[in-house]
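Residue numbers (the working numbering): 136 to 396.
Don't be surprised by glycine CBs; every beta carbon is placed ideally from N, CA and C.
The model shown is predicted, which means the values in this text are computed figures rather than measured ones.
First up is the structure itself, then whatever we jot down about it.
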Amino acid sequence: MENLVIIDSYLELKNNKVLPAKNPECCIISVISNKGGAGKTSIAITAGLCFAKELHKRTLLLEVDSSPGDFGAVFDIESEKSFELALRFPEKFGYYVKNIFKNLDVMKGVSDPLVAERIKETDVHRLFKFLTSEYDCIVIDTQTVINGTLLDVLRLSDVILLVSEHSLESFSRISSLFCILTEKFAISKDKIKVIINKKKLFKLFKIWDFAKIADFPVEAFISYDPRYDKSLFVFNKNKIFKTRLYKQLSKILSRLNGNQG
Numbered sequence: 136m137e138n139l140v141i142i143d144s145y146l147e148l149k150n151n152k153v154l155p156a157k158n159p160e161c162c163i164i165s166v167i168s169n170k171g172g173a174g175k176t177s178i179a180i181t182a183g184l185c186f187a188k189e190l191h192k193r194t195l196l197l198e199v200d201s202s203p204g205d206f207g208a209v210f211d212i213e214s215e216k217s218f219e220l221a222l223r224f225p226e227k228f229g230y231y232v233k234n235i236f237k238n239l240d241v242m243k244g245v246s247d248p249l250v251a252e253r254i255k256e257t258d259v260h261r262l263f264k265f266l267t268s269e270y271d272c273i274v275i276d277t278q279t280v281i282n283g284t285l286l287d288v289l290r291l292s293d294v295i296l297l298v299s300e301h302s303l304e305s306f307s308r309i310s311s312l313f314c315i316l317t318e319k320f321a322i323s324k325d326k327i328k329v330i331i332n333k334k335k336l337f338k339l340f341k342i343w344d345f346a347k348i349a350d351f352p353v354e355a356f357i358s359y360d361p362r363y364d365k366s367l368f369v370f371n372k373n374k375i376f377k378t379r380l381y382k383q384l385s386k387i388l389s390r391l392n393g394n395q396g
């Protein structure tokens, strides 16, 4: 019953126009997974770089992860530049982002899970009204556990990349997440695009057959690349452009961007 209350409350607010509207010209892409080690954060970060460099989009890479996430360490972001403060002062969000590449800004997430639990839906929508007026694209790295803020950003998203590792166990887990999001929380199935990461050829048909049996939409496979590591963003960004993840993800995003347009 609680889930039904959440959904009805959201629809009621939306219908009554209580929630600030996002700019429809801005594309919001969320990257999710409930399987640790599937490459969710790597895909989110690389997607932000792809949009900024290949598609020439003014892009914000936003972390909505209170585990805490990796952005602070990977991008050496000061403690005062965070999603938490941007929610408090949305009209001044520019103070809380860091530029890391041409056309690419980053905002790290809330570091305290207890603080994250108190974030209000109206605050999220108010901030996104400002963010979507400034950026062409927002790529969101999320956490593995469902909470209210995660559901808020998924409802705002135009595309949701659901990431699985290249294993039956991982695919089974994200299949469960797909069902929970679409059946319990009314997230549109059409938004969700499944990405199988770290593909190894000899396992390809097992995963593909499982996907057909489950009637599950698999958007694309990304090949395993032992040369890829998130530390490249710190030490040598140019090497990222040569990785399989960057090249294959660029093609996937170009296709999705064309479909959105």
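(Q) Mapping the DSSP letters down to three states, classify residue 254 as helix, strand or coil. (A) Position 119 of the sequence shown, counted from the first residue, corresponds to residue 254. Residue state, collapsed to three classes: coil.
**Q.** residue 91 classed as buried or exposed, judged by whether at least 16 other C-beta atoms fall within 10 angstroms
**A.** In this structure the chain extends from 136 to 396, so residue 91 is not present and cannot be described.
**Q.** residue 165 versus residue 294 - alpha carbon distance
**A.** Position 30 of the sequence shown, counted from the start, is the residue given in the question as residue 165. Position 159 of the sequence shown, counted from the start, is the residue given in the question as residue 294. One C-alpha to the other measures close to 6 Å.
(Q) Using the three-state DSSP reduction, which class does residue 332 fall into: helix, strand or coil? (A) As a first step, residue 332 must be located in the sequence shown, where it is residue number 197. Assignment of residue 332 by DSSP, reduced to helix, strand and coil, places it in the strand class.
**Q.** CB contact flag (residue 391, residue 185, <7 Å)
**A.** As a working note, residue 391 is residue 256 in the sequence shown. As a working note, residue 185 is residue 50 in the sequence shown. By the CB criterion at 7 Å, residue 391 and residue 185 fall outside the cutoff.
Q: Report yes if the CB atom of residue 209 is closer than 7 Å to the CB atom of residue 365, and no otherwise.
A: Against the sequence shown, residue 209 aligns to sequence position 74. Against the sequence shown, residue 365 aligns to sequence position 230. In this structure, residue 209 places its C-beta atom within 7 Å of the C-beta atom of residue 365.
Q) Taking the alpha carbon of residue 269 as the point to measure from, which residue in 283, 226, 332, 167 has its own alpha carbon closest? A) Numbered from its first residue, the sequence shown carries residue 269 at position 134. Considering only alpha carbons, the answer is 226.
Q. What residue from 303, 172, 181, 162 has the CA that sits closest to residue 374's CA?
A. Taking the sequence shown and counting its residues from 1, the one referred to as residue 374 is at position 239. Out of 303, 172, 181, 162, the CA that lies nearest to the CA of residue 374 is found in 181.
Q: Please look up how many angstroms separate the CB atoms of residue 230 and residue 217, rounded, as I've assumed it's under 8 Å.
A: Along the sequence shown, one-based indexing puts residue 230 at 95. Along the sequence shown, one-based indexing puts residue 217 at 82. Contact doesn't hold; Cβ gap of about 10 Å is too wide.
(Q) Can you confirm whether the stretch 188 to 198 touches the stretch 270 to 280 when touching is taken to mean that 3 or more C-beta pairs between the two stretches lie within less than 8 Å? (A) Counting Cβ pairs under 8 Å, three or more are found: they touch.
(Q) For residue 173, report the span of its alpha helix (DSSP H) as first-last. (A) By 1-based counting over the sequence shown, the position of residue 173 is 38. Here residue 173 belongs to no alpha helix (DSSP H), and DSSP marks it neither H nor E.
Q. Does the distance from the CB of residue 173 to the CB of residue 302 come in under 7 Å?
A. Indexing the sequence shown from 1 puts residue 173 at position 38. Indexing the sequence shown from 1 puts residue 302 at position 167. Taking 7 Å as the cut-off, the beta carbon of residue 173 is found no closer than this to the beta carbon of residue 302.
**Q.** Sheet register partners of residue 240 (DSSP bridge)
**A.** The count along the sequence shown starts at 1 and reaches residue 240 at position 105. DSSP lists 195, 234 as partners of residue 240.
(Q) What does the alpha-carbon distance come out to for the pair residue 261 and residue 280? (A) For the purposes of this step, residue 261 is taken as residue 126 along the sequence shown, with counting starting at 1. For the purposes of this step, residue 280 is taken as residue 145 along the sequence shown, with counting starting at 1. Looking at the two C-alpha atoms, the distance is approximately 23 Å.
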